[in-house]
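A.B. asks: Before I ask anything, let me first share the structure, which is written out below as structure tokens.
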Amino acid sequence: MSISFVRVDDRMIHGQTCTRWALEYPCDGIVAVNDATATNSILKAAYKNASNKKTFVWTMEDWQKKCQKVLTSDSRYFLITKNPIDMKMILVDQKFDPGIKTIIIGPCNERPGSIQLGNNQSITKDEAGALESIMQAGYEVEFALIKEKAIGNWKKFRGQFGFS
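Just remember that the working numbering sits 22 ahead of the position in the sequence shown, which is counted from 1.
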């Protein structure tokens with residue numbers, strides 16, 4: 023299996039991702055998918071240098087072209103998006119099967135219109151819709167900054183957004 027971990031994290035690549043989660047889910051590299059970051063040379067360089075692992079920062083279009091190579095690779099990768107909407111695009115709209123059925127939602131900063139679910143875990147109505155679609159597609163959606171501090175599954179929070 024070439025995808026060892028799937029995560030939504032608005033900081034995408036940082037020490038917690040690269041060290042703490044890599045203890046739970048070993049990886050050789052990281053694939054971060056976000057159009058705004060991948061098209062900003064300064065941000066892209068910063069993310070690529072944030073880890074001692076092989077790191078790719080791709081647009082959604084790059085991801086679509088290269089995702090099969092990631093799946094067939096001998097290397098194990100983390101797949102990370104900056105927001106639930108991009109993850110829904112990959113898992114539901116593109117029907118990409120990472121071979122993993124648990125999606126971890128990490129830091130999502132508080133923003134106008136977002137609802138706080140836990141410490142540094144706030145989502146908007148649109149993001150909630152994306153998480154609902156991901157769950158309906160057969161994935162478990164867990165909220166955890168780190169494994170020991172998990173606050174629960176999407177099923178626990180979905181009622182706050184009108185899903186039953």
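For every residue, glycine included, the Cβ atom is placed at its ideal position computed from N, Cα and C.
Grouping DSSP H, G and I as helix and E and B as strand, with all else coil, what is Cys192?
C.D. replies: It is not possible to answer for residue 192, since the shown part of the chain is limited to 23 through 186.
A.B. asks: Is the CB-CB distance between Phe183 and Phe165 below 9 Å?
C.D. replies: No, they are not a contact pair.
A.B. asks: My guess is that Asp57 and Thr81 are in contact by the Cβ rule of under 8 Å, so how many angstroms apart are they, rounded?
C.D. replies: About 5 Å; that satisfies the 8 Å criterion.
A.B. asks: Which residue from Gly174, Trp176, Gly181, Ser26 puts its Cα closest to that of Ser187?
C.D. replies: Residue coverage of the chain in this structure runs from 23 to 186, which leaves residue 187 outside it and unanswerable.
A.B. asks: Check for me: the beta strand (DSSP E) holding Ala54 runs from which residue to which?
C.D. replies: Segment 51-55, the beta strand (DSSP E) holding Ala54.
A.B. asks: Could you give the DSSP three-state label for Leu167: helix, strand or coil?
C.D. replies: Note: Leu167 maps to coil in three-state DSSP.
A.B. asks: Quick check: the Cα distance between Thr41 and Lys76, rounded to an integer number of angstroms?
C.D. replies: The alpha-carbon atoms of Thr41 and Lys76 are separated by roughly 14 Å.
A.B. asks: Here's a check: name, in chain order, each residue in its chain whose Cβ is nearer than 6 Å to the Cβ of Leu153, leaving out the five neighbours to either side.
C.D. replies: The residues are Pro106, Val163, Trp176.
A.B. asks: Kindly indicate the opening and closing residues of the alpha helix (DSSP H) around Val92.
C.D. replies: Its alpha helix (DSSP H) spans residues 82-94.
A.B. asks: Between the Cα of Pro120 and those of Lys147, Thr146, Gln90, spot the shortest distance and give me the residue it belongs to.
C.D. replies: With distances taken between Cα atoms, Pro120 lies closest to Gln90.
A.B. asks: Which of the three DSSP states, helix, strand or coil, is assigned to Gln116?
C.D. replies: Coil.
A.B. asks: Any idea what DSSP makes of Lys76, helix, strand or coil?
C.D. replies: Looking at Lys76 - three-state DSSP - the assignment turns out to be strand.
A.B. asks: Could you pull the DSSP bridge partners for Glu162 from this structure?
C.D. replies: Answer by DSSP bridge pairing, in chain order: Thr124.
A.B. asks: Any idea what DSSP makes of Arg29, helix, strand or coil?
C.D. replies: Arg29: strand per DSSP, three-state reduction.
A.B. asks: Considering only C-alpha positions, which residue in the set Ala150, Asn71, Gln143 is nearest to Asp32?
C.D. replies: With distances taken between Cα atoms, Asp32 lies closest to Gln143.
A.B. asks: Is it buried or exposed, Leu113, if we count other Cβ atoms within 10 angstroms and call 16 or more buried?
C.D. replies: So Leu113 counts as buried.
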